[in-house]
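Residue numbers (UniProt numbering): 1 to 244.
In structure tokens, the structure reads:
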């Protein structure tokens, strides 16, 4: 799935759905599902908690005109672990955050048993090796250091972060994506390949490449890829019953 994400701040929800749909296809070949972004946006963080965060640390959360909010994808994975996630047809996208939860009596969708941080090692070299190893098992959700210029650069090459704006107090912004593979280009540059949520007009039909640490020539002072997670397993749920 290459989601066309119209609302900027919900990349975390789109990437979570993209990760789980890809993992579902790996476990259940020749089958496909579309999961609900709306449920994640409605339910991952309560309106009360969003209001508290906005009052206490306004620079760490953004709420837009659609009542959608910025959030870490680890929180949405925690929500799916605790509550599961329904199919899109059971909780359709409404174009904004809505104040409801889908009923989960005879619901259909997925659950995850757990999720694990991949890039929690002592050095960037070790984190790169850990990501390469994790990608051999399947897709990984992560944050990529983001600047609007990335959208232009990825039409022709690899995002290296050299022209990124870095806030002197808070560092760069990170955009949630799904890492799907890795490789080396004809110039010998190592990269991770990722799926974005900005539609097929982004990069190469919705996919892009970000430079791996082993090919960074001048230290940036921040990781290009950060907060990487992967669920060890995914479980199909049919009419409220997990397929164990």
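Ideal Cβ positions, reconstructed from N, Cα and C, are used throughout, including at glycine.
Among 84, 59, 77 and 130, which one has its Cα closest to the Cα of residue 176?
-> Reading the chain shown from its first residue, position 176 is the one you call residue 176. Closest option to residue 176, Cα to Cα, is 77.
From this set, 71, 100 and 82, which residue's C-alpha is nearest residue 90's C-alpha?
-> Residue 90 sits at position 90 when you count from the first residue of the chain shown. Closest in alpha carbon position to residue 90, among 71, 100 and 82, is 100.
By a C-beta neighbour count over all protein chains shown, 10 Å radius and 16 as the cutoff for buried, is residue 13 buried or exposed?
-> In the chain shown, residue 13 corresponds to position 13, counting from 1. The residue is buried, with at least 16 neighbouring Cβ atoms inside 10 Å.
Is the beta carbon of residue 286 sitting closer than 8 Å to the one on residue 54?
-> Not covered by the structure: residue 286. The range shown for the chain is 1 to 244.
Which stretch, first to last residue, makes up the beta strand (DSSP E) that contains residue 207?
-> The count along the chain shown starts at 1 and reaches residue 207 at position 207. In this chain, the beta strand (DSSP E) harbouring residue 207 covers 207–211.
Collapsed DSSP secondary structure at residue 182 in the structure displayed | On the chain shown, residue 182 is found 182 positions in, with the first residue counted as 1. DSSP places residue 182 in the strand class (E or B) of the three-state scheme.
Thinking C-alpha only, which one of 153, 141, 86 and 169 is nearest residue 197?
-> Along the chain shown, one-based indexing puts residue 197 at 197. For residue 197, the nearest C-alpha among the options comes from 141.
Please check if any C-beta of chain D sits within less than 8 Å of the C-beta of residue 221.
-> This model lacks chain D altogether, as it is built from one protein chain only.
Bridge-paired residues (DSSP) for residue 159 | The residue given as residue 159 occupies position 159 in the chain shown. Under DSSP, residue 159 shares a beta bridge with 210.
Where residue 4 falls, given that 16 or more other Cβ within 10 Å makes a residue buried = Numbered from 1 along the chain shown, position 4 holds the residue referred to as residue 4. Low local confidence applies: a pLDDT of 48 at residue 4 is under 50, so the model's placement there is unreliable, with the coordinate-based value given in what follows. Exposed: under 16 other Cβ atoms inside 10 Å.
Entirely enclosed alpha helix (DSSP H) segments - the segment 92–160, minimum 4 residues | For the segment 92–160, whole alpha helix (DSSP H) runs of length 4 or above, ordered along the chain, are 124–135 and 149–153.
With respect to the beta strand (DSSP E) encompassing residue 194, which residues constitute its N-terminal and C-terminal limits?
-> To locate residue 194, count along the chain shown from 1; it is residue 194. Note, residue 194: beta strand (DSSP E), 190–195.
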